[in-house]
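Engineer: Chains as they are written, first to last, in the numbering used here: chain V, 684 to 852; chain F, 12 to 108.
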Amino acid sequence: MVVDSYKWLPGSFANYYRALPLQKADPLPWTPLAKPIEECRFSLVTSAGLYVKGKEPPFDLERERQDPFWGDPTYRTIPRDVKQEEVGVAHLHINNADLEADINIVLPVHRFLELEAAGEIGSLAPTHYSFMGYQGYPRNTDEWENHYGPEMAARMKEEGVDAALLTPV
Amino acid sequence: MVTAMPETGERLGVPRIVGVEFPFGHTLGHAGDGEEQMKVVRDALRVLRDARQPNTVEHLPYEWPDVERWKQGWHPSEPAPIIAWLIEQRRRQAAEK
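#1: Counting C-beta neighbours from all protein chains within 10 Å, is the total for Ala91/F 16 or more, i.e. buried, or is it exposed?
#2: Could you tell me whether the Cβ atoms of Thr760/V and Val852/V are closer together than 9 Å?
#3: Kindly list the residues whose CB is nearer than 6 Å to the CB of Thr38/F, restricted to its own chain and excluding five residues on each side of it in sequence; keep chain order.
#4: Report yes or no: do the segment 752 to 766 of chain V and the segment 70 to 86 of chain F share at least 3 C-beta pairs separated by less than 8 Å?
#5: When you compare the CB positions of Met49/F and Pro719/V, do they come within less than 9 Å of one another, or not?
#6: Below 9 Å on C-beta distance, what does Pro76/F contact in chain V?
#7: Establish whether the CB of Ile788/V and some CB of chain F are separated by less than 9 Å.
#8: Evaluate the contact criterion for the segment 15 to 24 of chain F versus the segment 50 to 61 of chain F: three or more CB pairs, one atom per stretch, below 8 Å.
#9: Check the Cβ-Cβ distances between Asp709/V and every residue of chain F, and say whether any is below 9 Å.
#10: Does any CB atom of chain F fall closer than 9 Å to the CB of Leu712/V?
#11: Looking at Met835/V: is its Cβ nearer than 9 Å to the Cβ of Phe742/V?
#12: Helix or strand or just coil, what does DSSP make of Thr810/V?
#13: Have a look at the DSSP bridge pairing and note the partners of Pro30/F.
#14: So, are the CB atoms of Val78/F and Val51/F less than 9 Å apart?
#15: Report the rounded CA-to-CA distance for Arg102/F versus Ala702/V, giving the unit in angstroms.
#16: Under 7 Å between beta-carbons, which chain F residues line up against Glu747/V? List them in chain order, please.
#17: Measuring straight from C-alpha to C-alpha, what distance separates Lys736/V and Trp753/V?
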């Protein structure tokens, strides 16, 4: 089975994404896995607009409402011991209801804790990350590439992360 | 990367891509279905372990039920601001014709 990448998109949006002038990275990024999965520390990254209530502010949806051509490029940190009820969702482009019920559908923190407890992975890192996937029209990911992405990667290195699971929405 | 749009990941050169035909906002599966989420997570770990070259893509075979409902179901209750703007632009262009 080949996944239909445009299955869930209305026709005009499917055409828009098909026609995006995407550049394949050159050289292709590649770091071989240096140790068995059972020894690896993992961090999780999503673009679902998650944040921990009372700890960090939500993504700036008010500015996006005022300027629809802009999307908040910052990220929020999610600790490994987060509880579902502590998480808020700030994303104007997807239905938030199921995320508010179970963050594991985009940030499988609790599934990775189970794997850690079972010894199937080395460990789950202390910190995980949520971005908010809408980055403007036309799309502008400069802040991600030049600022927030490298900052997140540096934090992952400090925490001894071996591999990151990315789950864009 | 686990994604509903593996073609985009492949076009960008993402190192390891796991495609899953689940609606946007439900990358690992249904809310409350830990078993389904764990299945996708384990598939992703297997690809991480077994991939031997950059831009590896694997397509998972899982089907999402009630597809026609979910083609609308993943949308927010109100159109995002840019979508509302685009809809208004189209309406104006149509009215001018």
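Note that CB positions come from ideal geometry on N, CA and C, so glycine has one too.
Because the structure is a prediction, the values reported are computed rather than measured.
Structural biologist: With the structure as the only source:
#1: Residue 91/F sits at position 80 when you count from the first residue of the second sequence. Classification for Ala91/F: buried.
#2: In the first sequence, the residue the question calls residue 760/V occupies position 77. In the first sequence, the residue the question calls residue 852/V occupies position 169. Going by beta carbons, Thr760/V and Val852/V fall outside the 9 Å limit.
#3: Position 27 of the second sequence, counted from the start, is the residue given in the question as residue 38/F. When the five nearest sequence neighbours on each side are left out, the beta carbons in the same chain lying within less than 6 Å of the beta carbon of Thr38/F are those of Val13, in order along the chain.
#4: As far as the Cβ criterion goes, the segment 752 to 766 of chain V does not touch the segment 70 to 86 of chain F, which means the pair count is below three.
#5: By 1-based counting over the second sequence, the position of residue 49/F is 38. By 1-based counting over the first sequence, the position of residue 719/V is 36. In this structure, Pro719/V does not lie closer than 9 Å to Met49/F by Cβ.
#6: Residue numbering aside, residue 76/F sits at position 65 when the second sequence is read from its first letter. What Pro76/F touches in chain V: nothing, since even the nearest Cβ is about 13 Å away.
#7: By one-based count along the first sequence, residue 788/V stands at place 105. Closer than 9 Å to some Cβ of chain F, the Cβ of Ile788/V qualifies, so yes.
#8: Too few Cβ pairs lie closer than 8 Å, so no.
#9: On the first sequence, residue 709/V is found 26 positions in, with the first residue counted as 1. Yes, contact with chain F.
#10: By one-based count along the first sequence, residue 712/V stands at place 29. A quick correction: the sequence has Pro, not Leu, at residue 712/V. Flagged as an interface residue toward chain F: Pro712/V, by a C-beta distance shorter than 9 Å.
#11: The residue given as residue 835/V occupies position 152 in the first sequence. The residue given as residue 742/V occupies position 59 in the first sequence. No Cβ-Cβ contact shorter than 9 Å links Met835/V with Phe742/V.
#12: Position 127 of the first sequence, counted from the first residue, corresponds to residue 810/V. Taken through DSSP and simplified to helix, strand or coil, Thr810/V comes out as strand.
#13: Taking the first residue of the second sequence as position 1, residue 30/F is located at position 19. The amino acid occupying residue 30/F in the given sequence is Gly; Pro does not appear at that position. Paired residue(s): Thr14/F, His70/F.
#14: Within the second sequence, numbered from 1, the residue matching residue 78/F stands at position 67. Within the second sequence, numbered from 1, the residue matching residue 51/F stands at position 40. No Cβ-Cβ contact shorter than 9 Å links Val78/F with Val51/F.
#15: Taking the first residue of the second sequence as 1, we reach residue 102/F at position 91. Taking the first residue of the first sequence as 1, we reach residue 702/V at position 19. As the crow flies, the alpha-carbon of Arg102/F is around 23 Å from that of Ala702/V.
#16: Taking the first sequence and counting its residues from 1, one reaches residue 747/V at position 64. Within chain F, the residues near Glu747/V are Pro92.
#17: Position 53 of the first sequence, counted from the start, is the residue given in the question as residue 736/V. Position 70 of the first sequence, counted from the start, is the residue given in the question as residue 753/V. Lys736/V and Trp753/V have their C-alpha atoms some 23 Å from each other.
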